[in-house]
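Structure first, then comments.
There are 2 protein chains.
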Amino acid sequence: AKQFLVVGAGRFGAAVATTLYELKHEVVVIDEDEEAIENIMDKVTHALIADATDEATLRKIGCSNFDAIIIAIGENFEANILATVAAKSLGAQHVISKAKDLLSARVLERIGADMVIRPEHDMGVRLAGQLSSPTVIDALEMGDGHEVIEVEISAKLCGRLAELRLPNRFGVQVITVSRNGEITVSPHADFVLQDGDMVLLVGHSEAIDKLRTYLA
Amino acid sequence: AKQFLVVGAGRFGAAVATTLYELKHEVVVIDEDEEAIENIMDKVTHALIADATDEATLRKIGCSNFDAIIIAIGENFEANILATVAAKSLGAQHVISKAKDLLSARVLERIGADMVIRPEHDMGVRLAGQLSSPTVIDALEMGDGHEVIEVEISAKLCGRLAELRLPNRFGVQVITVSRNGEITVSPHADFVLQDGDMVLLVGHSEAIDKLRTYLA
Ligand SMILES: Nc1ncnc2c1ncn2[C@@H]1O[C@H](COP(=O)(O)OP(=O)(O)OP(=O)(O)O)[C@@H](O)[C@H]1O
Ligand SMILES: Nc1ncnc2c1ncn2[C@@H]1O[C@H](COP(=O)(O)OP(=O)(O)OP(=O)(O)O)[C@@H](O)[C@H]1O
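Note that the protein sequences, when read in sequence, are chains C and F. All letters in the first sequence, in the order written, are residues 1 to 216 by this note's numbering. All letters in the second sequence, in the order written, are residues 1 to 216 by this note's numbering.
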């Protein structure tokens with residue numbers, strides 16, 4: 001189990017804190033609003049009413065003991081900046097800050113936040129990706145330039161794998177096929193893809209893009 | 001290319017609209033705020049100043065012509081409800097509504113929204129999942145109860161696949177291994193996993209959970 005500090009128990013901060021606690025980690029939450037602390041105190045390890053911009057408070061809590069610190073303050077940008085700077089200077093390994101817009105995100109990156117999240121914007125981009133190609137249900141980018149996509153088979157991809165020649169035409173390989181709850185890993189060249197099969201394909205990101213365009 | 005209507009050009013709505021337009025779809029945006037429309041009009045197909053609760057306006061735009069309608073109004077819950085109801089009654093195929101909290105989400109589901117998103121909450125849950133098991137870099141849930149996870153190999157999973165016996169011990173199979181930019185699909189039983197390899201594993205969701213607990 002790991003230890004996390006969450007600063008700000010708004011909708012985003014509270015969701016991070018309670019989910020980490022459900023996953024059996026130790027979670028400390030601070031917020032200057034009494035009501036926010038009352039709502040969360042039985043769902044995390046510790047919840048304290050405190051001002052995150054007060055360096056003495058952060059020093060007492062011990063920033064360097066946490067695997068990550070999440071600064072989930074939105075509207076009060078000055079408080080977000082001060083808390084992020086204080087956490088980094090007190091030795092926090094990994095600081096993740098929420099930004100309310102692109103400009104704030106740029107400033108937070110420059111002052112040392114290890115990761116910056118814009119919940120509304122990032123969620124909007126993710127939804128657009130899902131709506132854009134419904135045949136591509138989900139995708140997973142691997143760190144090395146390869147990508148895996150989950151595709152629901154329609155007429156364009158029905159038939160024997162040997163005849164579809166996906167590696168030659170696109171540079172992608174089928175790694176699993178799932179039909180009626182049964183999964184086949186590394187299907188043979190004689191396997192016949194049918195309408196409605198859920199298939200995982202892997203390839204270089206450019207190859208996957210070529211396939212996405214063909215399917216759109 | 002598909003057609004989308006986005007109601008409300010706040011941070012979430014604007015991100016959905018501009019991303020769909022960049023992916024070459026037709027996007028119409030309406031918002032009652034002139035400044036929001038000015039900021040977005042050169043990044044989408046059409047942007048109109050209008051009140052989304054006015055049924056005559058929605059009838060003129062033609063709700064049933066869109067592949068999906070995204071109602072991205074947050075604070076003004078009454079407007080969100082009225083726009084969602086009007087869109088469904090005018091024949092919209094797929095209505096996605098943003099909710100500002102759990103209670104609003106429940107109401108929107110009951111009045112007919114096909115999908116409800118809480119950007120701050122949903123992003124918080126997603127971040128917690130990523131922080132909880134850093135060895136599990138990403139995951140993809142397949143519709144049929146199977147899941148694929150991307151794991152960075154550490155001491156707990158080093159060694160020959162035949163000796164690790166992952167299918168017997170956890171019910172999971174290695175489908176790809178990526179090392180220094182080279183990807184191996186369906187590795188042989190003699191393949192030796194090394195520290196730092198990026199590996200994709202597939203299995204039933206319960207089996208993947210067992211592995212996640214072992215790795216945490
Ligand atoms: N200096 C501070 N110290 C501690 N907590 C703070 C400080 N400033 C703001 N907060 C808290 O941070 C929380 C989140 O603030 P924010 O302005 O992002 O609200 P929000 O928009 O409701 O957040 P969300 O969009 O995640 O729901 C609030 O509960 C607020 O009390
Ligand atoms: N009846 C309406 N008709 C059209 N647009 C509306 C209506 N009511 C609100 N809006 C618009 O919806 C947009 C989003 O409203 P919301 O209250 O969610 O703002 P927000 O919190 O800034 O959104 P986000 O969190 O996505 O940035 C605003 O630009 C607002 O002008």
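Beta carbons are placed, not taken as given, at the ideal position from N, Cα and C, and that holds for glycine.
Between the Cα of residue 167 of chain F and those of F:70, F:202, F:131, F:127, spot the shortest distance and give me the residue it belongs to. The candidate whose alpha carbon is nearest that of residue 167 of chain F is F:202.
Using a Cβ cut-off of 8 Å, pull out every chain C residue sitting near residue 151 of chain F, in sequence order please. Within chain C, no residue comes near residue 151 of chain F; the closest Cβ sits about 11 Å away, beyond 8 Å.
Counting pairs of Cβ atoms below 8 Å between the region 191-198 of chain C and the region 147-157 of chain C, do you hit three or more? Counting C-beta pairs with one atom in each stretch, the region 191-198 of chain C and the region 147-157 of chain C have three or more that are closer than 8 Å, which means they touch.
Tell me whether residue 123 of chain F sits in a helix, a strand or coil according to DSSP, three-state version. Three-state DSSP puts residue 123 of chain F in a helix.
Can you confirm whether the region 35-44 of chain C touches the region 1-10 of chain C when touching is taken to mean that 3 or more C-beta pairs between the two stretches lie within less than 8 Å? Taking one beta carbon from each stretch, the region 1-10 of chain C and the region 35-44 of chain C have 3 or more pairs nearer than 8 Å; the two touch.
Using the three-state DSSP reduction, which class does residue 61 of chain F fall into: helix, strand or coil? Three-state DSSP puts residue 61 of chain F in a helix.
Quick one: grab the DSSP three-state call for residue 75 of chain F. In the displayed model, residue 75 of chain F falls within coil according to three-state DSSP, outside both helix and strand.
State the beta-bridge partners of residue 176 of chain F as determined by DSSP. Paired residue(s): F:185, F:200.
Grab the span of the alpha helix (DSSP H) containing residue 14 of chain F for me, first residue to last. Residues 11-22.
Would you call residue 21 of chain C buried or exposed, if buried means 16 or more other Cβ atoms sit within 10 Å of its Cβ? Buried.
Note the first and the last residue of the continuous alpha helix (DSSP H) segment covering residue 227 of chain F. With chain F covering 1 to 216 only, the question about residue 227 of chain F has no answer from this structure.
So if I measure from each beta-carbon to every heavy atom of ligand 1 and keep distances below 7 Å, which residues remain? Ordered along the chain, the selected set is C:7, C:8, C:9, C:10, C:11, C:12, C:13, C:30, C:31, C:32, C:33, C:36, C:50, C:51, C:52, C:53, C:72, C:73, C:74, C:75, C:76, C:79, C:83, C:98, C:119, F:120.
Going by the CB atoms, is the gap between residue 14 of chain F and residue 49 of chain F shorter than 7 Å? In this structure, the beta-carbon distance from residue 49 of chain F to residue 14 of chain F does not fall below 7 Å.
Using DSSP's beta-bridge definition, name the partner residues of residue 68 of chain C. As computed with DSSP, residue 68 of chain C is found in a beta bridge with C:4.
In chain order, what residues of the region 1-19 of chain C put their CB closer than 9 Å to some CB of chain F? Of all residues in the region 1-19 of chain C, 1, 2, 4, 10, 11, 12, 13, 14, 15, 16, 17, 18, 19 have a Cβ within less than 9 Å of some Cβ in chain F.
Between the C-alpha atoms of residue 174 of chain C and residue 207 of chain F, what's the straight-line distance to the nearest angstrom? Near 22 Å, if we compare the C-alpha coordinates of residue 207 of chain F and residue 174 of chain C.
Around the Cβ of residue 239 of chain F, are there at least 16 other Cβ atoms within 10 angstroms (buried) or fewer (exposed)? Residue coverage of chain F in this structure runs from 1 to 216, which leaves residue 239 of chain F outside it and unanswerable.
Is the Cβ of residue 93 of chain F closer than 7 Å to any Cβ of chain C? So no, residue 93 of chain F is outside the interface.
If you check the beta carbons only, do residue 113 of chain F and residue 84 of chain F fall under 7 Å apart? If you check the CB distance, residue 113 of chain F and residue 84 of chain F come in under 7 Å.
Using only the alpha-carbon positions, how far apart do residue 115 of chain C and residue 109 of chain C sit? Rounded to whole angstroms, residue 115 of chain C and residue 109 of chain C show a C-alpha spacing of 7 Å.
Taking only beta-carbon atoms, is residue 119 of chain F less than 7 Å away from chain B? No chain B appears in the structure shown, which is made up of the protein chains C and F.
Residues of its chain near residue 147 of chain C, where Cβ-Cβ distance is below 8 Å and the 5 sequence neighbours each way are ignored: So the qualifying residues of the chain are 139, 140, 141, 202, 203, 204, 205, 208.
Tell me residue 97 of chain F's beta-bridge partners as DSSP assigns them. Beta-bridge partners assigned by DSSP to residue 97 of chain F: F:71, F:116.
Taking a Cβ distance cut-off of 7 Å, strictly less, list which residues of the region 167-192 of chain F are near chain C, in chain order. Residues passing the 7 Å Cβ filter: 173, 175, 176, 178, 181, 183, 185, 186.
Please confirm whether residue 69 of chain F and residue 99 of chain F have their CB atoms less than 7 Å apart. Contact flag unset, no.
In chain C, what lies closer than 7 Å to residue 196 of chain F by C-beta? Residues of chain C passing the Cβ test: none, with the nearest at roughly 10 Å.
According to DSSP, residues forming a beta bridge with residue 159 of chain F: According to DSSP, residue pairing for residue 159 of chain F in a beta bridge involves F:193.
Can you pull the DSSP bridge partners for residue 27 of chain F? Beta-bridge pairing links residue 27 of chain F to F:4.
Shorter than 7 Å from the beta carbon of residue 138 of chain C to some beta carbon of chain F? Interface flag for residue 138 of chain C against chain F is set, since a Cβ pair is found closer than 7 Å.
Out of C:10, C:67, C:38, C:62, point me to the one whose CA is closest to residue 277 of chain C's CA. Because residue 277 of chain C is not part of the residues shown, which for chain C are 1 to 216, the question remains open.
Starting from residue 48 of chain F, trace the alpha helix (DSSP H) both ways and give me its first and last residue. Segment 46-49 is the beta strand (DSSP E) holding residue 48 of chain F; no alpha helix (DSSP H) there.
For chain F, find out if any of its Cβ atoms is closer than 7 Å to the Cβ of residue 41 of chain C; answer yes or no. No, residue 41 of chain C lies away from the interface with chain F (no Cβ there is under 7 Å from its Cβ).
Compute the distance between the beta-carbons of residue 2 of chain C and residue 67 of chain C, then report whether it is under 7 Å. Judged by their CB atoms, residue 2 of chain C and residue 67 of chain C are nearer to each other than the 7 Å cut-off.
Minimum C-alpha distance to residue 170 of chain F - residue among F:210, F:189, F:149, F:26: Nearest option by C-alpha distance: F:210.
Taking only three categories from DSSP, how would you classify residue 144 of chain C? Residue 144 of chain C falls in the coil class under three-state DSSP.
Determine, using beta carbons only, whether residue 124 of chain C comes closer than 7 Å to chain F. It does: the Cβ of residue 124 of chain C has a partner Cβ on chain F nearer than 7 Å.
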